[in-house]
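Peer 1:
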Amino acid sequence: MNEPQDKSRRALMGKAVTAAAVAGAGMGVAAIAPGLHLIEVAGAAPRTAGEAASNTVRWGMLIDSTKCAKDCNACVTACNTENGLVEPIKDARQGSQWIRKIDLKDPKNGREHSLPMMCQHCANPPCVDVCPTGASMKRADGIVLVDRHICIGCRYCMMACPYKARSFVHQPLTTQNPEVPRGIGCVESCTFCVQRVDKGLKPACVEACPEGAMTFGDLNDPNSAIAQRIAREATTQVRADLKLNLGVRYQGI
Amino acid sequence: MKAAALALFLALTSACAFAGAPKPAIKIENPGQCIAPAEEMRKNHMEMLHHQRDRTMRQGIRGEKASLNECINCHASKTTGSVLGKEGFCQECHSYAAVKLDCWDCHQPKAGHAKAAGVKP
Chain U
7 MNEPQDKSRR ALMGKAVTAA AVAGAGMGVA AIAPGLHLIE VAGAAPRTAG EAASNTVRWG
67 MLIDSTKCAK DCNACVTACN TENGLVEPIK DARQGSQWIR KIDLKDPKNG REHSLPMMCQ
127 HCANPPCVDV CPTGASMKRA DGIVLVDRHI CIGCRYCMMA CPYKARSFVH QPLTTQNPEV
187 PRGIGCVESC TFCVQRVDKG LKPACVEACP EGAMTFGDLN DPNSAIAQRI AREATTQVRA
247 DLKLNLGVRY QGI
Chain X
977 MKAAALALFL ALTSACAFAG APKPAIKIEN PGQCIAPAEE MRKNHMEMLH HQRDRTMRQG
1037 IRGEKASLNE CINCHASKTT GSVLGKEGFC QECHSYAAVK LDCWDCHQPK AGHAKAAGVK
1097 P
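Here the protein sequences come in this chain order: U and X.
Just so we're aligned, residue 7 is where the first sequence starts under my numbering, counting upward by one.
Just so we're aligned, residue 977 is where the second sequence starts under my numbering, counting upward by one.
Now the structure itself:
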């Protein structure tokens, strides 16, 4: 095959791949060639260097509590490992909980189920409303974070959160993950593993769940797996009466 | 007599000012590879990091030129692995200049500290 032919063939293949990728992107699956599919590792591609988080994206999570086993703690363990919540705490009551398992029982009929509870990443977060310094903040893509650089540790946000999602660090820490700075005197909570999401990965808990009970993705993208399931299936926001428009939705509660 | 005392005083003070003042013993592990010339880094590193931290934290901009983790990866002592401690790159100079460092209340001062790369590869 001579050079010009090779070039035109490559251009044609390039076009075909692009067209297939556009067609397949909606399903979370990109066709890289006929019959050959590349399943996307996460909900969206990582942002390039220098690109800010965009409000066209809203990160959310769907948790199917019917799949969540009562004695399973895999999401909590994965979170603690990923985010460096591993140091022994002098007073166990003061340990940080970015995600915790809750067992519920309906006393009327005895129905029991279990679910993970964490920061619900509200669209209208009370923690941000009450923060006196502006440290508690919502990023453009809907992830609610604490800017520890300006957090004064007043814990007002902990009082305001209806989900008891925030923790305060009481003692000096030394074993932080370099990508997850955290330390004494600041409030902290689930970040949706922002350091992973920015790389195009899923949060550690979602990846760790052995039952696949947690789905992470872009609520604003009608083609994402999470948005499609929310459109098709019944989902619940915890304390929906507060009208906080949560990023975390549940099924089976 | 007064003039002699003044002369002696001046001689002593100038000797101290120009000869006796100790300098911080900074050990640079990877010289010549910084993101800006040393003079600029000495003068402006805090500004660079301050603006970068706000952009990264609040706007979610990643991959900036100035990065505290990259400072640590390059400047951590090869013996202690840290930018703190007696010959630590950050602490040595900050102790000398009596400027409090509170980055390390939250940030990890050791290079090569095990990163949690998720639970599954």
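For each residue, glycine too, the CB sits at the ideal point set by N, CA and C.
Taking Cβ to Cβ, would you say V193 (chain U) is nearer than 8 Å to R161 (chain U)?
Peer 2: In contact: V193 (chain U) and R161 (chain U) (Cβ atoms closer than 8 Å).
Peer 1: Going by the CB atoms, is the gap between G223 (chain U) and A214 (chain U) shorter than 8 Å?
Peer 2: Contact: no.
Peer 1: State buried or exposed for V1059 (chain X), treating a residue as buried only when at least 16 other CB atoms are found within 10 Å of its CB.
Peer 2: With 16 or more Cβ atoms within 10 Å of its Cβ, V1059 (chain X) is classed as buried.
Peer 1: If you compare alpha carbons, which of U:G159, U:G191, U:G253, U:V152 is closest to V63 (chain U)?
Peer 2: Of U:G159, U:G191, U:G253, U:V152, the residue nearest in Cα terms is U:G253.
Peer 1: With DSSP as the reference, identify every bridge partner of P122 (chain U), one or two as the case may be.
Peer 2: Looking at the DSSP assignment, P122 (chain U) forms a beta bridge with U:K107.
Peer 1: Given a threshold of 16 other Cβ atoms within 10 Å of its Cβ, counted over all protein chains shown, does G1039 (chain X) qualify as buried or as exposed?
Peer 2: By the 10 Å Cβ count, G1039 (chain X) comes out exposed.
Peer 1: Pull out every residue of the stretch 1054-1088 of chain X whose Cβ sits closer than 7 Å to any Cβ of chain U, in chain order.
Peer 2: Those would be D1081, C1082, H1083, Q1084, in chain order.
Peer 1: Considering only residues of the same chain and omitting the five flanking positions on each side of T139 (chain U), which have a CB-CB separation below 6 Å?
Peer 2: I156, I158, listed in sequence order.
Peer 1: Are the C-beta of M1033 (chain X) and some C-beta of chain U separated by less than 8 Å?
Peer 2: By this cut-off, M1033 (chain X) is an interface position.
Peer 1: Which residues in the same chain have their Cβ closer than 7 Å to the Cβ of N1049 (chain X), if we skip the five residues on either side of it in sequence?
Peer 2: Contacts found: A1087.
Peer 1: Any Cβ of chain U within less than 8 Å of the Cβ of L1045 (chain X)?
Peer 2: Looking at the sequence shown, residue 1045 (chain X) is not Leu but Asn. Yes, because at least one Cβ of chain U sits closer than 8 Å to the Cβ of N1045 (chain X).
Peer 1: With A1001 (chain X) and E1046 (chain X) assumed to form a contact (beta carbons below 8 Å), what rounded beta-carbon distance in angstroms separates them?
Peer 2: Incorrect: roughly 23 Å between the Cβ atoms, too far for contact.
Peer 1: I believe C85 (chain U) touches W104 (chain U) by the beta-carbon criterion, under 8 Å. Please report the beta-carbon distance rounded to the nearest angstrom.
Peer 2: That pair is a contact at about 5 Å.
Peer 1: By a C-beta neighbour count over all protein chains shown, 10 Å radius and 16 as the cutoff for buried, is E1068 (chain X) buried or exposed?
Peer 2: By the 10 Å Cβ count, E1068 (chain X) comes out buried.
Peer 1: Got a sec: which bits of the stretch 1013-1040 of chain X sit with their beta carbon under 9 Å from any beta carbon on chain U, in order along the chain?
Peer 2: Here the close residues are H1026, R1029, D1030, R1031, M1033, R1034, Q1035, G1036, I1037, R1038, G1039, E1040.
Peer 1: How many angstroms separate the CA atom of D1030 (chain X) from the CA atom of D1078 (chain X)?
Peer 2: Between D1030 (chain X) and D1078 (chain X), the C-alpha separation is close to 16 Å.
Peer 1: Which first and last residues belong to the alpha helix (DSSP H) in which M165 (chain U) is found?
Peer 2: 162-166 is the extent of the alpha helix (DSSP H) around M165 (chain U).
Peer 1: Against H176 (chain U), what residues of chain X qualify as contacts under a CB-to-CB distance less than 7 Å, listed in chain order?
Peer 2: The contacting residues do not exist; H176 (chain U) stays about 13 Å from chain X at best.
Peer 1: What span of residues does the beta strand (DSSP E) with M143 (chain U) cover, start to end?
Peer 2: Start and end: 142-144.
Peer 1: In three-state DSSP terms, what is A27 (chain U)?
Peer 2: Low per-residue confidence applies at A27 (chain U): pLDDT is 45, beneath 50, and the placement is therefore not dependable, though the value from the model is reported in the following sentence. In the structure shown, A27 (chain U) sits in a helix (DSSP, three-state: H, G or I).
Peer 1: Does DSSP classify G1008 (chain X) as helix, strand or coil?
Peer 2: Of the three classes helix, strand and coil, the one that applies to G1008 (chain X) here is coil, per DSSP.
Peer 1: Over what stretch of residues does the alpha helix (DSSP H) that includes R235 (chain U) continue unbroken?
Peer 2: 231-238 is the extent of the alpha helix (DSSP H) around R235 (chain U).
Peer 1: Does DSSP put V1095 (chain X) in a helix, in a strand, or in coil?
Peer 2: Model confidence at V1095 (chain X) stands at a pLDDT of 41, short of 50, so the residue's coordinates are unreliable; what they give is reported in the following sentence. In the structure shown, V1095 (chain X) sits in coil (DSSP, three-state: anything other than H, G, I, E or B).
Peer 1: Quick check: what's the CA-CA separation for Y256 (chain U) versus C133 (chain U)?
Peer 2: Those two C-alpha atoms are separated by around 21 Å.
Peer 1: Helix, strand or coil for S1071 (chain X)? Go by DSSP, reduced to three states.
Peer 2: Three-state DSSP puts S1071 (chain X) in a helix.
Peer 1: Indicate whether A80 (chain U) and D147 (chain U) have their beta-carbon atoms separated by less than 8 Å.
Peer 2: No. Outside cutoff.
Peer 1: If you follow the alpha helix (DSSP H) that V134 (chain U) is in, where does it begin and where does it stop?
Peer 2: 132-136 is the extent of the alpha helix (DSSP H) around V134 (chain U).
Peer 1: By the criterion of Cβ-Cβ separation under 9 Å, what are the contact partners of E57 (chain U) in chain X?
Peer 2: Chain X residues near E57 (chain U): G1036, I1037, R1038, G1039.
Peer 1: Would you please verify whether the beta carbon of M143 (chain U) is less than 8 Å from any beta carbon of chain X?
Peer 2: By this cut-off, M143 (chain U) is an interface position.
Peer 1: Quick check on this structure: which residue in U:R154, U:P131, U:E185, U:E88 has the alpha carbon closest to the alpha carbon of Q1084 (chain X)?
Peer 2: Checked all of U:R154, U:P131, U:E185, U:E88; the closest Cα to Q1084 (chain X) is U:E185.
Peer 1: Report the three-state DSSP secondary structure of R255 (chain U) (helix, strand or coil).
Peer 2: R255 (chain U): strand per DSSP, three-state reduction.
Peer 1: On the DSSP letters alone, give me the boundaries of the beta strand (DSSP E) that D97 (chain U) sits inside.
Peer 2: No beta strand (DSSP E) holds D97 (chain U); DSSP gives it neither H nor E.
Peer 1: Does chain X have any CB closer than 8 Å to the CB of P94 (chain U)?
Peer 2: Output row for P94 (chain U): interface = no.
Peer 1: Quick check on the burial criterion: 16 or more other C-beta atoms within 10 angstroms. Buried or exposed for A210 (chain U)?
Peer 2: The residue is buried, with at least 16 neighbouring Cβ atoms inside 10 Å.
Peer 1: Given that a residue counts as buried once 16 or more other Cβ atoms are within 10 Å of its Cβ, and exposed if not, what is Q200 (chain U)?
Peer 2: Inspection of the sequence shows that residue 200 (chain U) is occupied by Val rather than by Gln. Its Cβ being crowded by 16 or more others within 10 Å, V200 (chain U) is buried.
Peer 1: Starting from the beta carbon of I190 (chain U), find every residue of chain X whose beta carbon is closer than 7 Å, and list them in chain order.
Peer 2: By Cβ distance, chain X contributes D1081.
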